[in-house]
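Visitor: For reference, the structure I am asking about is given below.
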């Protein structure tokens with residue numbers, strides 16, 4: 015019989031490994047404490063999922079959020095709304111600014127075009143008047159003669 | 031006292047009100063078997079304790095996905111084996127060893143572990159087992175020490191019964207050779 019046969023016939027097949035006293039007795043309590051800790055951490059980090067319907071009344075939405083929050087740590091609809099409010103105001107302000115700016119640009123452009131056209135027409139008359147005023151009889155004869163050719 | 035069968039445990043796990051109590055029952059029921067399974071792979075008690083905690087924590091996090099397609103014990107043993115292998119691979123990476131290398135580096139842990147009081151023969155047997163490739167080592171441990179049925183091992187390790195039998199046969203041969211060669215020294 016060699017040494018391996020001896021091991022094979024060990025009967026209890028012991029590994030020679032042992033555990034500290036009361037290890038298994040205490041393990042369940044330790045594990046439960048770890049799970050509780052993990053669950054508490056998860057609750058802290060998780061945010062409630064809000065499923066808002068298009069025509070859901072305020073009170074119903076508030077109730078839904080409160081139902082989803084766990085163990086007394088309530089997250090109300092008001093607190094969610096108060097967080098979203100500044101962003102909504104900012105968006106409204108940008109939209110209003112954009113509309114005003116667009117309207118102002120359009121008005122200014124039209125006005126400028128109208129003024130430009132008036133100035134142009136006025137300038138044309140002034141030039142013609144000046145041109146005719148500065149002509150003497152000789153110039154008129156010369157002009158007619160040149161056009162006749 | 032309430033008698034928990036596997037079916038009632040699974041039903042209770044699916045109910046939020048009874049889930050926690052049912053999981054405590056699972057811990058009580060399987061902690062010892064899982065511990066020894068893990069301990070034989072990772073060798074030191076401290077490491078086995080860490081891996082056992084990770085194993086139950088993983089089971090708790092994923093308990094909602096357990097639908098009873100396999101036995102609860104099979105599912106838990108599979109988690110335990112995977113967690114143990116992951117742990118060993120991390121140790122190998124820390125020591126800059128190849129992941130394909132055997133687990134002989136754990137021999138030192140065994141000799142220095144306060145919770146190992148085996149005699150020379152048991153130490154030699156453990157060293158022989160540590161010289162085996164990882165999969166053969168797990169198969170040998172499950173079959174030799176725990177006398178786990180090949181069918182159950184097949185479910186846990188996701189390997190065919192034929193392959194497991196061959197693996198155990200080769201492992202036993204290697205262990206025998208190791209002991210014979212080292213006892214002659």
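Residue numbers (my numbering), protein chains in the order written: chain A, 15 to 163; chain B, 31 to 215. Ideal placement from N, C-alpha and C gives every residue a C-beta, glycine not left out.
(1) Within this structure, are the beta carbons of residue 121 of chain B and residue 160 of chain B separated by less than 8 Å?
(2) Note down the Cα distance separating residue 203 of chain B from residue 173 of chain B, rounded to an integer number of angstroms.
(3) When Cβ atoms are compared, which residues of the segment 37 to 65 of chain B fall closer than 7 Å to chain A?
(4) Taking only runs that begin and end inside the segment 96 to 168 of chain B, name each unbroken alpha helix (DSSP H) of 4 or more residues, in chain order.
(5) Please list the partners that residue 55 of chain A has in chain B, where partner means a Cβ-to-Cβ separation under 9 Å.
(6) Please decide whether residue 48 of chain A counts as near chain B, where near means a Cβ-Cβ distance under 8 Å.
(7) Alpha carbons only, please: which of B:179, B:71 and B:153 is nearest the one belonging to residue 114 of chain B?
(8) Between residue 34 of chain B and chain A, is there a C-beta pair that is closer than 8 Å?
(9) For residue 84 of chain B, which option in B:107, B:125, B:97 and B:163 has the closest C-alpha, if you only look at C-alpha atoms?
(10) Bridge partners of residue 31 of chain A, per DSSP?
(11) Using a beta-carbon distance below 8 Å, is residue 69 of chain B in contact with chain A?
(12) For residue 133 of chain B, count neighbouring Cβ atoms within 10 angstroms of its own Cβ and tell me buried if that reaches 16, exposed if not.
(13) Just reading off the alpha helix (DSSP H) that residue 185 of chain B is part of, what are its end residues?
(14) Classify residue 150 of chain A as helix, strand or coil using the three-state DSSP reduction.
(15) Can you tell me whether residue 54 of chain A is buried or exposed, with buried defined as 16 or more other CB within 10 angstroms of its CB?
(16) So the alpha helix (DSSP H) residue 79 of chain B belongs to, where does it begin and stop?
(17) Skipping 5 residues on each side, what residues in its chain have a beta carbon closer than 6 Å to that of residue 60 of chain B?
Guide: The answer reads as follows:
(1) no
(2) 14 Å
(3) 54, 57, 58, 61 and 62
(4) 102 to 124, 137 to 142 and 150 to 160
(5) Near residue 55 of chain A there are no residues of chain B at all, since even the closest Cβ is about 12 Å away, more than 9 Å.
(6) yes
(7) B:71
(8) no
(9) B:107
(10) B:146
(11) yes
(12) buried
(13) 180 to 187
(14) coil
(15) exposed
(16) 75 to 91
(17) 106
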